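Engineer: Below are the structure tokens for one structure; questions will follow.
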Amino acid sequence: MEMVRCMLAGKNVPKEFWPEAVNWSIHLINRSPTAAVENMTPEEVWSSIKPSVKYFKIFGCIAYVHVPEAQRKKLDNKSIKCVFFGMSEESKAYRLYNPTTKKIIINR
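First residue of the sequence shown: 8, per our numbering; consecutive thereafter.
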């Protein structure tokens, strides 16, 4: 839980989002090398494939979601400011929080 506390405090994310921080910390731990399995990641031991970390982002960082042309008018913003909360479990996409609508968005 120390990692979760640090994530929430580090980016001033409200405590109500602790489940999102737990999910992201589990994702990170499963893809981090550990001495228990000879410097392999738990994900690597399970799947025999070295996991990629190139998509890792900082929990709570600002992210912008593109608004498709069909959903906006001529002078509307082309993106929405959101907060990064981790990866989607259903697809290879990010979990982003929209503070305006107070909803989680799944987006690449």
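Just so it is clear, CB atoms sit at the ideal spot from N, CA and C, and this is done for glycine as well. Just so it is clear, the structure is predicted and the values come from calculations on it, not from any experiment.
In angstroms, rounded to a whole number, what distance separates the CA positions of F92 and P58?
Structural biologist: Taking the sequence shown and counting its residues from 1, one reaches residue 92 at position 85. Taking the sequence shown and counting its residues from 1, one reaches residue 58 at position 51. The straight-line gap from Cα to Cα measures roughly 20 Å.
Engineer: Would A100 and I112 qualify as a contact pair, given that the criterion is a beta-carbon distance under 7 Å?
Structural biologist: For this step, residue 100 is matched to residue 93 along the sequence shown. For this step, residue 112 is matched to residue 105 along the sequence shown. Result no, Cβ atoms of A100 and I112 do not sit closer than 7 Å.
Engineer: Can you tell me where the beta strand (DSSP E) holding M94 begins and where it ends?
Structural biologist: Here the question's residue 94 lines up with position 87 in the sequence shown. Run containing M94: 86-94, per the beta strand (DSSP E) assignment.
Engineer: Would you list the one or two residues that DSSP bridges to V72?
Structural biologist: As a working note, residue 72 is residue 65 in the sequence shown. V72 pairs with I87.
Engineer: Does DSSP put I65 in a helix, in a strand, or in coil?
Structural biologist: Residue numbering aside, residue 65 sits at position 58 when the sequence shown is read from its first letter. Residue state, collapsed to three classes: coil.
Engineer: Using alpha carbons as the reference points, say which of T108, E76, A28, M10 lies closest to K88.
Structural biologist: Counted from its first residue, the sequence shown places residue 88 at position 81. Minimum Cα distance to K88 is reached at T108.
Engineer: Roughly how many angstroms lie between the CA atoms of V90 and R102, to the nearest whole one?
Structural biologist: Locating residue 90 in the sequence shown gives position 83, counting from the first residue. Locating residue 102 in the sequence shown gives position 95, counting from the first residue. Using only the alpha carbons, I get a separation of about 9 Å.
Engineer: Determine the extent of the beta strand (DSSP E) in which I112 is found, giving its start and end residues.
Structural biologist: The count along the sequence shown starts at 1 and reaches residue 112 at position 105. It spans 110-114 - the beta strand (DSSP E) in which I112 sits, taken as one unbroken run.
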